[in-house]
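Asks:
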Amino acid sequence: MIWQQLLNGLTLGSTYALIALGYTMVYGIVQLINFAHGEIYMVGAFVGLFLVTVWDANLAVAMLGAMAVCMLLGVLVERIAYRPLRGKSSRLSPLISALGASIFLSTLMALIAGVNTRRYPAVQDVGSYALGPVQLSSMQVIILLVSAALMIGLQFLVAHTRIGKAMRACSQDLDASALMGINVNRVISYTFAIGSALAAAGGVMVGVYYNAVWPYMGTLAGLKAFAAAVLGGIGSIPGAMLGGLTLGILEIMGVAYISSSFKDAIAFGILIIVLIIRPQGILGEKINKKV
Amino acid sequence: MRFLEQWITQIIDPYYLRIIILVGINIIMALGLNITTGVTGQLSMGHAGFMSLGAYTSAIVSLKMGAPFWMALLAGSTIAAVFGFIIGLPALRLEGDYLAIVTIGFAEIVRVFFLNFEPGGKAVGLSGIPQETSFTLVLLITLVVIFFTQRLLSSRLGKAMYAVRENEIAAEACGINTTHLKVLSFVLGAFLGGLGGALYAHYMYYISPQDFDFMRSIEILNMVVLGGLGSIPGSILGAAILTILPEMLRVVAEYRMLFYGALLVLLMIFRPNGLFGDMRVYDLIKTRRAKGEKPCQS
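Heads up: the protein sequence lines correspond to chains A and B, in order.
The first sequence runs 1 to 291 under the numbering used here.
The second sequence runs 292 to 589 under the numbering used here.
(1) Specify, as a first and last residue, the run of the alpha helix (DSSP H) that L417 (chain B) falls within.
(2) From the DSSP output, read off the bridge partner residues of A178 (chain A).
(3) Can you tell me whether Y307 (chain B) is helix, strand or coil according to DSSP?
(4) Would the beta-carbon of L231 (chain A) fall within 8 Å of that of G243 (chain A)?
(5) Could you list which residues in chain A have their beta carbon closer than 8 Å to that of A530 (chain B), in chain order?
(6) Against chain A, with Cβ distances strictly below 8 Å, would F505 (chain B) count as a contact?
(7) Along chain B, in chain order, which residues have C-beta atoms closer than 8 Å to that of S93 (chain A)?
(8) Suppose you measure from the CA of A201 (chain A) to the CA of A371 (chain B); what does that come to, to the nearest Å?
(9) Please work out which residues of its chain come closer than 6 Å, Cβ to Cβ, to S102 (chain A), disregarding the five sequence neighbours upstream and downstream, and give them in chain order.
(10) Taking the beta strand (DSSP E) that A130 (chain A) belongs to, which residues open and close that run?
(11) Which value, in whole angstroms, describes the spacing of the CA atoms of S177 (chain A) and A166 (chain A)?
(12) Could you tell me which chain A residues have their CB closer than 9 Å to the CB of P381 (chain B), listed as they occur along the chain?
(13) Note down, in chain order, every chain B residue with its Cβ under 7 Å from the Cβ of T269 (chain A).
(14) What is the DSSP secondary structure of R118 (chain A), counted as helix, strand or coil?
(15) State yes or no: is the beta carbon of L283 (chain A) nearer than 8 Å to at least one beta carbon in chain B?
(16) So the alpha helix (DSSP H) L434 (chain B) belongs to, where does it begin and stop?
(17) How long is the line joining the alpha carbons of V206 (chain A) and V141 (chain A), rounded to whole angstroms?
(18) Could you confirm whether any beta carbon from chain B is found closer than 8 Å to the beta carbon of S171 (chain A)?
(19) Hey, does G100 (chain A) have any beta-carbon neighbour from chain B nearer than 8 Å?
(20) For L49 (chain A) and chain B, any beta-carbon pair shorter than 8 Å?
(21) With 8 Å as the threshold, decide whether the Cβ of I33 (chain A) is near any Cβ in chain B.
(22) Just curious, the beta strand (DSSP E) that L136 (chain A) is in, first and last residue?
(23) Which residues in chain A sit within 9 Å of N317 (chain B), going by Cβ to Cβ distance?
(24) Count the other CB atoms, across all protein chains shown, that sit within 10 Å of the CB of P121 (chain A); report buried if there are 16 or more and exposed otherwise.
(25) Based on the DSSP output, what are the partners of I272 (chain A) in its beta bridges?
(26) Please list the segments of the beta strand (DSSP E) lying wholly inside the stretch 333 to 368 of chain B, counting only runs of 3 or more residues, in order along the chain.
(27) Counting only beta-carbon atoms, is S261 (chain A) nearer than 8 Å to chain B?
(28) Following the continuous alpha helix (DSSP H) through P238 (chain A), name the residue where it begins and the one where it ends.
(29) Taking T107 (chain A) as the query, report the chain B residues whose CB atoms sit under 7 Å from its CB, ordered along the chain.
(30) For the alpha helix (DSSP H) holding D388 (chain B), just list the boundary residues, first then last.
(31) Helix, strand or coil for I2 (chain A)? Go by DSSP, reduced to three states.
(32) For I276 (chain A) and I302 (chain B), I'd like the C-alpha separation in whole angstroms.
(33) Just to confirm before moving on: does the CB-CB distance between F262 (chain A) and E78 (chain A) stay below 8 Å?
(34) For R456 (chain B), count neighbouring C-beta atoms within 10 Å of its own C-beta (all shown protein chains included) and say buried if the count is 16 or more, exposed if not.
(35) Considering just the uninterrupted stretch of the alpha helix (DSSP H) at E459 (chain B), what are its terminal residues?
(36) Ignore the nearest five residues each way along the sequence and tell me which others in T219 (chain A)'s own chain have a CB closer than 6 Å to its CB.
Below you can see the structure in the form of structure tokens.
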């Protein structure tokens with residue numbers, strides 16, 4: 001029983017981690033909570049749904065299509081709503097702009113697709129495998145494998161490529177990076193593109209796994225993923241992965257052993273407790289204030 | 292007072308009167324959040340949590356215990372202020388966006404709590420709350436709140452709060468007790484949030500946990516940021532605009548929220564510091580003299 005819950009938690013947690021990565025990468029570079037990120041995840045789920053129902057695409061094609069569309073969308077949101085504000089105002093105005101973009105996207109999707117919850121057709125045969133004491137459904141296998149592959153890919157990209165190096169430089173000091181000849185705007189666009197693609201992959205898989213997609217699904221998922229990013233230490237990529245998995249597992253455990261009606265409060269309760277004990281998050285670096 | 296009320300309800304269309312009353316309630320809440328976020332610089336994105344505590348407490352006090360209205364208002368705002376104190380404590384160790392997510396989390400926990408709270412009617416909500424909030428009362432309370440925040444911000448205490456926002460370390464070096472001020476700013480903000488919530492509950496007859504979700508917190512924050520952080524006229528104007536604007540956008544029916552979202556983005560692009568960044572009542576009156584001596588411009 002506990003192993004089964006652990007597995008379910010791991011599945012949920014890896015989708016949180018995928019979304020949280022987008023928050024943490026953007027935050028690491030421009031110190032902005034990208035509140036429109038939850039909506040990008042929602043759009044990803046819808047694009048996947050569109051490809052599957054209208055074009056009869058299989059899951060892999062749907063996921064790649066959603067990732068491509070959301071990459072463009074993420075870059076577009078950054079261009080329109082964040083770039084004009086960069087460097088010329090307090091840190092709160094980009095935040096409000098992000099919230100505006102988030103409201104805009106979710107309403108737009110509600111107008112296009114209607115407010116009702118939609119269901120994915122059976123794209124994936126729901127076989128399940130017995131693995132010792134646990135039942136592993138094929139969708140869970142896909143979520144775990146795809147998330148792991150994407151996270152390893154991201155880790156490789158950040159650690160071993162030119163653009164990854166530029167990202168790390170930008171997250172340390174944006175101005176100094178610009179002085180060293182890094183095209184900062186391009187790096188920021190790449191960051192938004194990568195983060196959005198990860199969220200879109202998460203969106204499609206969650207849509208298939210829970211068999212429900214609706215225009216306002218991004219808000220709560222986005223908030224929880226942001227909580228996961230902060231839990232792990234915002235700005236840290238391994239932190240977002242760890243935070244997402246921790247939150248997913250603890251949420252499932254809380255539902256199974258405490259109460260299901262407090263499901264949405266569990267994640268935030270854990271977050272507050274952890275932050276009071278360790279204000280910089282689990283893997284976050286402590287930044288000493290400079291005078 | 293009763294005469295004024297009768298006169299007002301006769302000459303103003305009920306629909307407009309309703310909007311005016313909601314503007315007043317929103318001004319009270321925006322001024323509260325302005326103290327926490329605008330003046331002291333502690334980003335709070337969970338003001339709806341305080342509002343809902345105020346609304347539910349006052350509704351239960353007047354509905355289930357039959358207490359008089361003023362007692363319900365006081366109970367609602369006091370409970371909210373107590374939670375403001377509790378939520379202010381983590382603020383001592385957390386900064387900026389970490390604090391933001393804690394306040395979001397707090398508001399979500401409050402919402403989920405009321406979803407499961409038996410005396411609050413769970414997800415259905417509470418209905419049949421006596422409609423005690425009248426135009427004159429809201430007008431009176433709004434004026435009193437504006438007066439007190441105005442006095443607060445021009446006092447030593449208010450200036451110390453601005454100093455905490457501008458530079459915490461420098462403020463501390465000047466002998467300001469930043470710990471005390473941060474918690475105080477949360478308590479005051481929460482008190483006004485709770486007061487607004489209590490007035491709201493006694494105006495709407497009916498409250499449910501969905502009235503106080505994340506979007507509500509965002510609406511109040513938008514009012515403060517749009518008006519201009521730390522500015523009383525700004526918060527008043529921001530509250531008025533963002534209450535009236537959605538009503539005017541009813542013309543475009545289902546495209547309403549689409550316009551609202553797009554307008555927020557555009558306003559921030561063209562007025563990144565809000566309409567009146569840090570402008571005070573004093574500055575509005577003596578614009579020319581104030582130009583050279585605004586101490587708290589960021």
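Just so it is clear, CB atoms sit at the ideal spot from N, CA and C, and this is done for glycine as well.
Since this is a predicted model, take the numbers as computed values, not measurements.
Replies: Taking the structure as given:
(1) Locating residue 417 (chain B) in the second sequence gives position 126, where the first residue counts as 1. That residue, L417 (chain B), is in no alpha helix (DSSP H); it is neither H nor E in DSSP.
(2) In the first sequence, the residue the question calls residue 178 (chain A) occupies position 178. A178 (chain A) pairs with nothing; no bridge assigned.
(3) Locating residue 307 (chain B) in the second sequence gives position 16, counting from the first residue. Three-state result, Y307 (chain B): helix.
(4) Counted from its first residue, the first sequence places residue 231 (chain A) at position 231. Counted from its first residue, the first sequence places residue 243 (chain A) at position 243. In this structure, G243 (chain A) lies closer than 8 Å to L231 (chain A) by Cβ.
(5) The residue you call residue 530 (chain B) lines up with position 239 of the second sequence. Within chain A, no residue comes near A530 (chain B); the closest Cβ sits about 15 Å away, beyond 8 Å.
(6) Taking the second sequence and counting its residues from 1, the one referred to as residue 505 (chain B) is at position 214. Output row for F505 (chain B): interface = yes.
(7) On the first sequence, position 93 is the one that residue 93 (chain A) refers to. From the beta-carbon of S93 (chain A), the residues of chain B found nearer than 8 Å are V516, M559, P563, N564 and G565.
(8) Here residue 201 (chain A) is taken as the residue at index 201 of the first sequence, counted from 1. Here residue 371 (chain B) is taken as the residue at index 80 of the second sequence, counted from 1. So the two alpha carbons sit approximately 41 Å from each other.
(9) Position 102 of the first sequence holds residue 102 (chain A). Correct list, in chain order: F35, A36 and E39.
(10) Numbered from its first residue, the first sequence carries residue 130 (chain A) at position 130. In the DSSP assignment, A130 (chain A) falls within the unbroken beta strand (DSSP E) covering S128 to L131.
(11) Counted from its first residue, the first sequence places residue 177 (chain A) at position 177. Counted from its first residue, the first sequence places residue 166 (chain A) at position 166. Rounded to the nearest angstrom, the two C-alpha atoms are 8 Å apart.
(12) In the second sequence, residue 381 (chain B) corresponds to position 90, counting from 1. Here the neighbours are I272, L275, I276 and P279.
(13) Position 269 of the first sequence, counted from the first residue, corresponds to residue 269 (chain A). Inspection of the sequence shows that residue 269 (chain A) is occupied by Gly rather than by Thr. Result: I400.
(14) For this step, residue 118 (chain A) is matched to residue 118 along the first sequence. Strand at R118 (chain A).
(15) Here residue 283 (chain A) refers to the residue found at position 283 when the first sequence is read from its first residue. No Cβ of chain B is located within less than 8 Å of the beta carbon of L283 (chain A).
(16) Along the second sequence, one-based indexing puts residue 434 (chain B) at 143. Where L434 (chain B) is concerned, the enclosing alpha helix (DSSP H) starts and stops at F426 to S445.
(17) For the purposes of this step, residue 206 (chain A) is taken as residue 206 along the first sequence, with counting starting at 1. For the purposes of this step, residue 141 (chain A) is taken as residue 141 along the first sequence, with counting starting at 1. Within the model, the alpha-carbon separation for V206 (chain A) versus V141 (chain A) is close to 13 Å.
(18) Translated into the one-based positions of the first sequence, residue 171 (chain A) becomes position 171. No, S171 (chain A) lies away from the interface with chain B (no Cβ there is under 8 Å from its Cβ).
(19) Your numbering for residue 100 (chain A) matches position 100 in the first sequence. Chain B, which has a Cβ nearer than 8 Å to the Cβ of G100 (chain A), makes this yes.
(20) Here residue 49 (chain A) is taken as the residue at index 49 of the first sequence, counted from 1. It does not: the Cβ of L49 (chain A) has no partner Cβ on chain B nearer than 8 Å.
(21) Your numbering for residue 33 (chain A) matches position 33 in the first sequence. It does; some Cβ of chain B falls within 8 Å.
(22) What you label residue 136 (chain A) is simply residue 136 of the first sequence in a count that begins at 1. Start and end: V134 to S137.
(23) One-based indexing of the second sequence puts residue 317 (chain B) at position 26. Contact note: N317 (chain B) does not reach chain A at a C-beta cutoff of 9 Å; the least C-beta distance is about 16 Å.
(24) Position 121 of the first sequence, counted from the first residue, corresponds to residue 121 (chain A). With fewer than 16 other CB atoms across the displayed protein chains lying within 10 angstroms of its CB, P121 (chain A) is exposed.
(25) Position 272 of the first sequence, counted from the start, is the residue given in the question as residue 272 (chain A). Beta-bridge annotation (DSSP): I272 (chain A) is not paired with any residue.
(26) Counting only runs of 3 or more, we get nothing.
(27) Indexing the first sequence from 1 puts residue 261 (chain A) at position 261. Contact of S261 (chain A) with chain B is assigned, a C-beta pair being separated by under 8 Å.
(28) In the first sequence, the residue the question calls residue 238 (chain A) occupies position 238. Note, P238 (chain A): alpha helix (DSSP H), I237 to Y257.
(29) Counting from 1 along the first sequence, the entry for residue 107 (chain A) is found at position 107. Near T107 (chain A) (Cβ distances below 7 Å), the residues of chain B are M548, L549 and G552.
(30) Walking along the second sequence from the start, residue 388 (chain B) turns up at place 97. Here the alpha helix (DSSP H) through D388 (chain B) covers G387 to L406.
(31) In the first sequence, residue 2 (chain A) corresponds to position 2, counting from 1. DSSP places I2 (chain A) in helix when its eight states are reduced to three.
(32) By 1-based counting over the first sequence, the position of residue 276 (chain A) is 276. By 1-based counting over the second sequence, the position of residue 302 (chain B) is 11. Taking C-alpha positions only, I276 (chain A) is separated from I302 (chain B) by approximately 54 Å.
(33) Taking the first residue of the first sequence as position 1, residue 262 (chain A) is located at position 262. Taking the first residue of the first sequence as position 1, residue 78 (chain A) is located at position 78. Note that the C-beta distance between F262 (chain A) and E78 (chain A) is not below 8 Å.
(34) In the second sequence, the residue the question calls residue 456 (chain B) occupies position 165. Of the residues assessed, R456 (chain B) falls on the buried side of the cut-off, its CB having 16 or more other CB atoms within 10 angstroms.
(35) Within the second sequence, the letter at position 168 stands for residue 459 (chain B). Here the alpha helix (DSSP H) through E459 (chain B) covers E459 to A464.
(36) Numbered from 1 along the first sequence, position 219 holds the residue referred to as residue 219 (chain A). For T219 (chain A), where only same-chain residues beyond five positions count, the Cβ hits under 6 Å are G38.
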